[in-house]
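Colleague: According to the UniProt record's numbering, numbering within the sequence shown proceeds without interruption in unit steps and concludes at 126.
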Amino acid sequence: MKIQNPHDKFFKETFGNVEVTKDFLNNYLPQNIMNVIDMNTLEPQKDSFINEELQEGFSDMLFKVNINKKEGYIYFVFEHKSYTSIDIAFQLLKYMIEIWESKIKKEKTDKLPMIIPLVIYHGKGS
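#1: Return the residue from the list 92, 42, 35 that minimises the CA-CA distance to residue 120.
#2: Using the beta-carbon count (16 or more within 10 Å), is residue 77 buried or exposed?
#3: Once the 5 residues before and after residue 1 are set aside, which same chain residues still bring their CB inside 7 Å of it?
#4: Count the CB pairs spanning the stretch 66 to 74 and the stretch 27 to 47 that are closer than 8 Å, and state whether there are at least three.
#5: Per DSSP, what kind of secondary structure is residue 70 in: helix, strand or coil?
#6: What are the boundary residues of the alpha helix (DSSP H) that includes residue 104?
#7: Just how far apart, CA to CA, sit residue 22 and residue 60?
#8: Between the Cα of residue 94 and the Cα atoms of 115, 43, 9, which residue gives the shortest distance?
#9: For residue 1, which of helix, strand or coil comes out of DSSP?
#10: Buried or exposed: where does residue 72 fall if 16 or more other Cβ atoms within 10 Å of its Cβ makes it buried?
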């Protein structure tokens, strides 16, 4: 029996554990960013912003977190590719816009929260 999208399942299972996510952020984010994030408020969200055509190569997770004592988000994108592409920057921008649109629609707010986008890439090179 073949597991559908094993990388997606591994990514979501791993980073679905808040303690693992906190450890990852503590080890890989620059200190100046860590200084403004309240890790005690880190909370996974159920929303996903990857469209169907990209689900084979990408997975994502959104976390609500206080940044500079205000509501914000950390958005992880796991890129399951063996090569780099400039397209990921545009994809991140689209996802961030979708996060903001969703927030505005759900909460009828005119304030956009800060989003810290992160890409986890497993291929060779940069």
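C-beta atoms are modelled at their ideal positions from N, C-alpha and C, and glycine is treated no differently.
Quick caveat: nothing in here was measured; it's all calculated off a predicted structure.
Modeller: Straight from the coordinates:
#1: Sequence index remark: in the sequence shown, residue 120 carries index 120 (1-based). Cα-wise, what sits closest to residue 120 is 92.
#2: Residue 77 sits at position 77 when you count from the first residue of the sequence shown. So residue 77 counts as buried.
#3: What you label residue 1 is simply residue 1 of the sequence shown in a count that begins at 1. A caution first: residue 1 carries a pLDDT of 48, below 50, which makes its placement in the model unreliable, though a value can still be read off. Excluding five sequence positions before and after residue 1, none of the CB atoms of its chain fall closer than 7 Å to its own CB.
#4: Counting Cβ pairs under 8 Å, three or more are found: they touch.
#5: Within the sequence shown, the letter at position 70 stands for residue 70. Reduced to three states, the DSSP call for residue 70 is strand.
#6: Residue numbering aside, residue 104 sits at position 104 when the sequence shown is read from its first letter. 87 to 107 is the extent of the alpha helix (DSSP H) around residue 104.
#7: As a position in the sequence shown, residue 22 is number 22, starting the count at 1. As a position in the sequence shown, residue 60 is number 60, starting the count at 1. Rounded to the nearest angstrom, the two C-alpha atoms are 16 Å apart.
#8: On the sequence shown, residue 94 is found 94 positions in, with the first residue counted as 1. Ranking the options by Cα distance to residue 94, first place goes to 115.
#9: In the sequence shown, residue 1 corresponds to position 1, counting from 1. Interpretation of residue 1 is limited by its pLDDT of 48, a score under 50 that renders its predicted location unreliable; no figure is taken from the coordinates.
#10: Numbered from 1 along the sequence shown, position 72 holds the residue referred to as residue 72. With 16 or more other Cβ atoms inside 10 Å of its own Cβ, residue 72 counts as buried.
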